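Line by line, the protein sequences are chains E and R.
Reminder that position 239 of the first sequence reads as 979 in the working numbering, one-by-one numbering, no gaps.
Reminder that position 258 of the second sequence reads as 998 in the working numbering, one-by-one numbering, no gaps.
Cβ atoms here follow ideal geometry from the backbone N, Cα and C, with glycine treated the same way.
Here the structure is a predicted model, which is why all the values come from computation and not from measurement.
2 protein chains.
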Amino acid sequence: MTLNPADTAFRDRLSAVLPDDVFRPVEPRYLEEPRGRYAGQSALLALPRNTGEVATLIREAGEAGVGVVPYGGGTGLVGGQIAQDGPARLILSLERMNKVRDVYPDENVIVVEAGVILADVQAAADAVDRLFPLSLAAEGTARIGGNLATNAGGTGVLRYGNARDLCLGLEAVLPDGQIWNGLTRLRKNNTGYDLRHLLIGAEGTLGVITAAALKLFAKPPRRGTALLAVENPRAALDLLSLARSQLGEMVSAFELMHRQGFEFLTEALPDVRQPFETPPEWTVLIDVGLSADLDPATSLEKLFEAAMEAGLVQDGLVAQNQQQANEFWYIREMLPEANRRIGSISSHDISIPLGALPDFIAQGNAAIADIGAFRINCFGHVGDGNLHYNVFPMPGKSRSDHENARHAIKRAVHDLVDQMGGSISAEHGIGRTKVDDLERYGDPAKLSAMRAIKAALDPKGIMNPGAVLREA
Amino acid sequence: MTLNPADTAFRDRLSAVLPDDVFRPVEPRYLEEPRGRYAGQSALLALPRNTGEVATLIREAGEAGVGVVPYGGGTGLVGGQIAQDGPARLILSLERMNKVRDVYPDENVIVVEAGVILADVQAAADAVDRLFPLSLAAEGTARIGGNLATNAGGTGVLRYGNARDLCLGLEAVLPDGQIWNGLTRLRKNNTGYDLRHLLIGAEGTLGVITAAALKLFAKPPRRGTALLAVENPRAALDLLSLARSQLGEMVSAFELMHRQGFEFLTEALPDVRQPFETPPEWTVLIDVGLSADLDPATSLEKLFEAAMEAGLVQDGLVAQNQQQANEFWYIREMLPEANRRIGSISSHDISIPLGALPDFIAQGNAAIADIGAFRINCFGHVGDGNLHYNVFPMPGKSRSDHENARHAIKRAVHDLVDQMGGSISAEHGIGRTKVDDLERYGDPAKLSAMRAIKAALDPKGIMNPGAVLREA
């Protein structure tokens, strides 16, 4: 199927049915993305103000056979939001649909439009003494519609789940321009196929999410944080089991960091205060959110002692106050920035069955060493089996010195992930970057079902063409 | 599309490719269901022993244009498992695929075949000191594949979610006979459309689930139970908020029971020991699973006192030991049996946004009173907004005296549910009973998307024909 360009004739067609101020010139930011790996082409930009306008735009695009690229906060890391290939696209930005429609504290529900910035969803929850637990580095810019379309992860997944687990209902415009009103606040609703979960994670290829009903949670009355030094990833997993046997679901986050990350901080961001004089080989950052009757420092010290006794932990620091907790988290949050400054050759957002994770790290490091001399910064949400396994040049070299090795590195990492039953995209999605990988590693039955669903719901292929699936 | 019968020619065709002992005569139990409202017709019964045999059966059925009705434990309450209409079907029972394939205690994962009985999944988890929290009345008979196909609910939803929330990965045979190997143990995996969530809740109309990777949980070290008397449903919801502010996710269950239920127990099951001398208008059964540092009785008494002070609770009993806790739960578990003996005229498995629940009960009761004099037993998983709102004859009358009123009662209840943004099927599904209701109350855009998906994945319409969607 060949799509038509979003040209002046198409613009004229839209002008006949929509007010003029829905359209704006395309600023460069709509054509760029955070890693600088894509540059979009000329396109038409629409900024609808309500669901009706979104439906009109999609319906007109369908009739004209014009491709539509939905655009949230532009923070995606796999190029899903970039109108790169083929004829000029209609970029459909949800940024004006940024209202919190309703908050239901007694129901633990918030209803928001797709263009609300993630941090604003968190703030609206906080204003009624509730927690919206989706949390990730880009939360000040990312918009909730994009978070849902990509099923975003982040640091709260261990306790609260991925974005899809936080969503009760959706309103969306389907590729034929129909508005699906699925904005229920229900916890139980078994009435046919779950379109919500089909649109979540489809990265805008099956429709545009325009609003969502999201779960809120009681704020854990007391919070505690600790940094614990472990000898190896196996010990980190045993520590996680121990923590859960003591504290159950109150374990909120469990992040693993390799020493390399601390060394990158020293190298690239020397002002960041480091907690250990000599960084341990591996460090676990653990966060707990407790009921009012439990003291965080006491609970974490009890865990620390039990872990020392079991030989799992060599050293550790329990935050004595919120400021210290923030300092611990600041280190974790600065790792991506340090990585960016060092400049990775190849980055991998992968997940591995928990039990295979230590083997993966050992075998992955060996496979990279076979290719050449590199530095590996391995860190991530290890409680979820999600690693950011990133490969960097040795000191004195830069990523541009290793252009030739990039493909071999990526292939070696992804082949190993695949062998071990892992995922080549844990939380970032497929976008445009990983379409080839999905074809290579994806289950054939699943891929053919995906193509059948895409063809059934979007027969003209107008929705985010070239993302997730190659254009038919 | 007209399907062909599973006749002797089809049986001969299957015999050419499958061993003889895959087939057995159809015992009556495969053609009946718990409420006695359906009786299936003659059919062919296959009991495959592995996924390959399931794939062969589906492929052959597709080529011959024969309808396939997947069969788990036969405990569904909406006729989804009954081969009732049209030409003779192939009943595909998963009961021989009843192996626990693997248990990964450190990963909190269990991998089971679809035919494992739910109670056996629970027992396998228990054997490694873990909890599989899906729990429902039929757990001794229901099989996990059916629980997943119908997205079963039950008493653990408040804390642990519905069946879909407990599933990490699936293996399934798609309608074209392809085996989808999606049996991942990953917590994060963003690689294309979520087929898992599409098959879960599709009630066998988009394929047959053959195995699942399921989440396990740390067992809460300490458990507590209380019965608390509240004046009305609003007070029950306020009590839930209070309980969550004190105990967060450690609130495991929160069930509401109307006095009518206790009276039915007295009438139909007089041997059941009742806790209150005079049953209160409304009773809440609350269950908490706590960390080792918290004493259940103390925590619940603290909640009790705070609720008394806030005027939410009038009376209450905190279980002092496990035996007493079991007695409290026994009452809740006997309610469906008492209902069965009294004989409901019309039963409704509905959910309502929590905030609208008190209004629903008031308006529902008024609407029923407009139709005639009836007794209403309203009870359910109120923490999830899920009510079993069942209408019974007055003493001295029987359900057969009210055949004419049944339709009006159901319509009145479902219309009100719909007006209030609720669901006409909270946890039982659509099956064959509620196909008309789904057409009446379902969102048109959703229904058309469902039909498009069904046609795309199952173009011949062989999978569970007539369930969820009317045959095309």
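Under 8 angstroms Cβ-Cβ, which residues of chain E neighbour residue i?
| i | result |
| --- | --- |
| TRP920 of chain R | ASP1183, ALA1185, LYS1186 and ALA1189 |
| LEU1034 of chain R | SER1031, ASP1033 and LEU1034 |
| VAL852 of chain R | Chain E residues near VAL852 of chain R: none, gap ~16 angstroms exceeds 8 angstroms. |
Would you mind telling me which residues of chain R sit closer than 7 angstroms to residue i, beta carbon to beta carbon, in chain order?
| i | result |
| --- | --- |
| ASP1176 of chain E | Ordered by position in chain R, no residue passes the 7 angstroms Cβ test against ASP1176 of chain E, which lies about 13 angstroms from the chain. |
| LYS955 of chain E | Within chain R, no residue comes near LYS955 of chain E; the closest Cβ sits about 10 angstroms away, beyond 7 angstroms. |
| VAL1208 of chain E | GLY932 |
| ARG891 of chain E | Looking at the sequence itself, residue 891 of chain E is Asn, so the reference to Arg does not match. In chain order: ASN930. |
| ASN1126 of chain E | LYS928 |
| ASN902 of chain E | LYS928 |
| LEU977 of chain E | ASP846 |
| GLU1167 of chain E | LYS928 and ASN930 |
Tell me which residues share the same chain as residue i and place their Cβ nearer than 6 angstroms to its Cβ, disregarding the 5 neighbours each side in the sequence.
| i | result |
| --- | --- |
| PHE1114 of chain R | ILE1108 and VAL1131 |
| SER1086 of chain E | VAL1131, ARG1146, ILE1149 and LYS1150 |
| ARG927 of chain E | none |
| VAL861 of chain E | VAL852, PHE872 and ILE884 |
| ARG1072 of chain E | GLU995 and LEU1025 |
Report the three-state DSSP secondary structure of residue i (helix, strand or coil).
| i | result |
| --- | --- |
| ASP842 of chain E | strand |
| HIS1168 of chain E | coil |
| GLU995 of chain E | strand |
| GLN986 of chain R | helix |
| ASN1061 of chain R | coil |
| PHE1114 of chain E | coil |
| SER833 of chain R | strand |
| SER1087 of chain E | coil |
| LEU967 of chain R | strand |
| PRO810 of chain E | strand |
| ARG775 of chain R | coil |
| ASN1204 of chain R | coil |
| ARG1210 of chain R | coil |
| LYS955 of chain R | strand |
| VAL757 of chain R | coil |
Identify, in the order they occur along the chain, each residue of the same chain with its Cβ nearer than 7 angstroms to the Cβ of residue i, setting aside the five sequence neighbours on each side.
| i | result |
| --- | --- |
| LEU817 of chain R | PRO774, ARG775 and HIS1168 |
| ASP1089 of chain R | HIS1128, SER1165, ALA1166, GLU1167 and HIS1168 |
| VAL843 of chain E | ILE850, ALA864 and VAL868 |
| ASN1079 of chain E | PHE1004, ASN1117 and ASN1130 |
| ASP1177 of chain E | HIS1154 and ILE1164 |
| GLU793 of chain E | LEU758 and VAL762 |
| ALA975 of chain E | LEU1052 |
| ASP916 of chain E | GLY802 |
Just the chain E side, please: which residues come within less than 9 angstroms of residue i by C-beta, in chain order?
| i | result |
| --- | --- |
| LEU1197 of chain R | ALA1189, ALA1192, ILE1193 and ALA1196 |
Excluding the 5 residues preceding and the 5 following residue i in the sequence, name in chain order all residues of the same chain whose CB lies nearer than 8 angstroms to its CB.
| i | result |
| --- | --- |
| PHE957 of chain R | ASN848, ARG870, LEU871, PHE872, PRO873 and TYR900 |
| ASN1204 of chain R | GLY807, VAL808, VAL809, PRO810, GLY820, GLU943, GLY944 and THR945 |
| LEU977 of chain E | LEU1094, GLY1095, LEU1097, PRO1098 and VAL1122 |
| LEU1030 of chain R | PRO960, PRO961, ARG962, ARG963, GLY964, LEU987, MET990, PRO1036 and SER1039 |
| SER1138 of chain R | GLY1083 |
| MET1134 of chain R | ALA1113, PHE1114 and ARG1115 |
| GLU1143 of chain R | none |
So residue i contacts chain E; which residues on that side make the cut at Cβ distance below 7 angstroms?
| i | result |
| --- | --- |
| TYR844 of chain R | GLY1095 |
| PRO960 of chain R | GLY988 |
| ARG984 of chain R | ALA958 |
Show which residues of chain R have a CB atom less than 9 angstroms away from the CB atom of residue i.
| i | result |
| --- | --- |
| MET990 of chain E | GLY988, GLU989, MET990 and SER1031 |
| GLY1161 of chain E | LEU923, THR924, ARG925 and LEU926 |
| ILE1170 of chain E | ASN930, THR931 and GLY932 |
| ALA786 of chain E | Residues of chain R passing the Cβ test: none, with the nearest at roughly 21 angstroms. |
Give the interface partners of residue i over in chain R, defined as CB-CB distance under 8 angstroms, in chain order.
| i | result |
| --- | --- |
| GLU1179 of chain E | In chain order: nothing, as chain R lies at least about 10 angstroms away. |
| SER1091 of chain E | LEU926, ARG927, LYS928 and ASN929 |
Item checked: Cβ contact (3+ pairs, closer than 8 angstroms) linking the region 891-907 of chain E and the region 923-940 of chain E -> Segment contact: the region 891-907 of chain E against the region 923-940 of chain E, three or more CB-CB distances shorter than 8 angstroms; contact assigned.
Checklist line | Three-pair Cβ contact test at 8 angstroms for the region 1154-1168 of chain R versus the region 779-790 of chain R | finding: The region 1154-1168 of chain R, when compared against the region 779-790 of chain R, does not touch it at the 8 angstroms Cβ threshold.
Check: Touching or not, the region 868-877 of chain R and the region 907-917 of chain R, by the rule of three or more beta carbon pairs under 8 angstroms?
Finding: No: the two stretches stay apart, fewer than three of their Cβ pairs being nearer than 8 angstroms.
Margin query: Give the list of continuous beta strand (DSSP E) stretches no shorter than 3 residues that lie fully inside the region 778-805 of chain E.
Written below: Runs found: 784-786.
Next item on the list: Enumerate, from N- to C-terminal direction, the unbroken alpha helix (DSSP H) stretches of 4 or more residues contained entirely within the region 863-892 of chain R.
Entry: List check, alpha helix (DSSP H) in window: 884-889.
Check: Which runs of the beta strand (DSSP E) spanning at least 3 residues fall entirely within the region 895-952 of chain E, listed in chain order?
Finding: Contiguous beta strand (DSSP E) elements confined to the region 895-952 of chain E occur at 907-913 and 919-922, taking only those with 3 or more residues.
Next item on the list: Specify whether the region 965-984 of chain R and the region 1046-1066 of chain R touch according to this definition: at least 3 beta carbon pairs, one from each stretch, less than 8 angstroms apart.
Entry: Yes, since at least three Cβ pairs between the region 965-984 of chain R and the region 1046-1066 of chain R fall closer than 8 angstroms, the two stretches touch.
Margin query: Just to confirm the assignment: which complete beta strand (DSSP E) runs, minimum length 3, are found wholly within the region 993-1044 of chain R?
Written below: You should have 1022-1030.
Notebook entry, point to check: Do the region 1175-1189 of chain R and the region 1176-1190 of chain E meet, that is, are 3 or more Cβ pairs less than 8 angstroms apart?
Noted result: Between the region 1175-1189 of chain R and the region 1176-1190 of chain E, the count of C-beta pairs closer than 8 angstroms stays below three; the two stretches do not touch.
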